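Q: For reference, the structure I am asking about is given below.
In UniProt numbering, the protein residues as written are 1 to 260.
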């Protein structure tokens, strides 16, 4: 089982609480007091802090940056800017967050995305950095006879593209989070931990605190560790109440059930 220090929070969950410097600093303090040791920078305006300032204010609260989400367009088309930002932050990992504007029913557009990811990832790897791919359920559509997420990993070099598996979206797409982690052994440095709760009044599902949904996170974390996961990142896109309460609940479940 991993160590508690490997568990962090993606700031996207707290996006409504990091809109000003003052709010962001208070948010960092609350995250630290919960027990988390790192954050993935996402949903935080780059205008609030310089890269050096962000590292400093987080460090003063006992937090490090485990990874970022950068603009997908910038990753593909302005890779050098992404590299420069990560180097200033002292962060090795970023993840392509969302395939905005990509028509997954068009094989040629899927081909172009895959090539773009591989090319950008190669530039990043040459700089000592790692590009990961963050999936949603869209990638479980088919292209050229295969699940698109399979194509993304099969048709890119592991040196150029690694995985940030999102457990909720894999399950929403009809896949097995543990199974995908087994298949991406050695290629899964980041994991988005997001529980999946069925709604009583519809066939849809909702996000849940870790342990409050129907996922077997003991198995998922075991497979993630075997796959070489370095950072376990808690995410909850929407929360039923105060997101700080939800993240605290998730941390307590993790502390009691998933760590040494």
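Glycine included, each C-beta is placed from N, C-alpha and C at the ideal position. Since we're looking at a predicted model, the values are computed, not measured.
Hey, could you find the ends of the alpha helix (DSSP H) residue 82 is sitting in?
A: Residues 79-89.
Q: With 16 other CB atoms within 10 Å as the buried threshold, where does residue 260 fall?
A: Residue 260 comes out exposed.
Q: Please report the Cβ distance between residue 114 and residue 152, rounded to the nearest whole angstrom; I am assuming they are in contact, meaning their Cβ atoms lie under 8 Å.
A: Contact flag correct, Cβ pair sits at about 6 Å.
Q: Between residue 79 and the rest of its own chain, which residues show a CB-CB distance below 7 Å, the 5 nearest in sequence each way excluded?
A: Answer for residue 79: 120, 123 and 124, listed in chain order.
Q: What residue does the alpha helix (DSSP H) around residue 27 start on, and which one ends it?
A: First-last of the alpha helix (DSSP H) with residue 27: 21-34.
Q: For residue 59, does the three-state DSSP call read helix, strand or coil?
A: Of the three classes helix, strand and coil, the one that applies to residue 59 here is helix, per DSSP.
Q: Give, in chain order, every unbroken run of the beta strand (DSSP E) that is at least 3 residues long and sits entirely within the segment 229-255.
A: You should have 231-234.
Q: Rounded to a whole number of angstroms, what is the C-alpha to C-alpha distance between residue 39 and residue 28?
A: Near 9 Å, if we compare the C-alpha coordinates of residue 28 and residue 39.
Q: I need the boundaries of the beta strand (DSSP E) containing residue 191, first residue and last residue.
A: 190-193 is the extent of the beta strand (DSSP E) around residue 191.
Q: Does residue 24 pass the burial test, meaning 16 or more other C-beta atoms within 10 Å, or should it be called exposed?
A: Under this definition residue 24 is a buried residue.
Q: Do the CB positions of residue 147 and residue 140 come within less than 8 Å of each other?
A: Yes, the Cβ-Cβ distance between residue 147 and residue 140 is below 8 Å.
Q: Alpha carbon to alpha carbon, how far is residue 208 from residue 239?
A: Answer to the nearest angstrom: the Cα atoms are 7 Å apart.
Q: Taking a contact to mean a Cβ-Cβ separation below 8 Å, would you say residue 110 touches residue 143 in this structure?
A: Taking 8 Å as the Cβ cut-off, residue 110 and residue 143 qualify as a contacting pair.
Q: Please classify residue 221 as buried or exposed, where buried requires at least 16 other C-beta atoms within 10 Å of its C-beta.
A: Buried, because 16 or more other Cβ atoms sit within 10 Å of the Cβ of residue 221.
Q: Does the distance from the C-beta atom of residue 181 to that of residue 227 stay below 8 Å?
A: Yes, Cβ-Cβ distance for residue 181 and residue 227 is below 8 Å.
Q: List, from N- to C-terminal side, the beta strand (DSSP E) runs of 3 residues or more that fit wholly inside the segment 101-152.
A: With a minimum length of 3 residues, the continuous beta strand (DSSP E) runs that stay inside the segment 101-152 are 130-134.
Q: So, with DSSP's three-state summary, where would you put residue 156?
A: It is coil, neither helix nor strand.
Q: Closest to residue 137 by C-alpha separation, out of 106, 98 and 157, would be which residue?
A: Nearest of 106, 98 and 157 to residue 137, Cα basis: 98.
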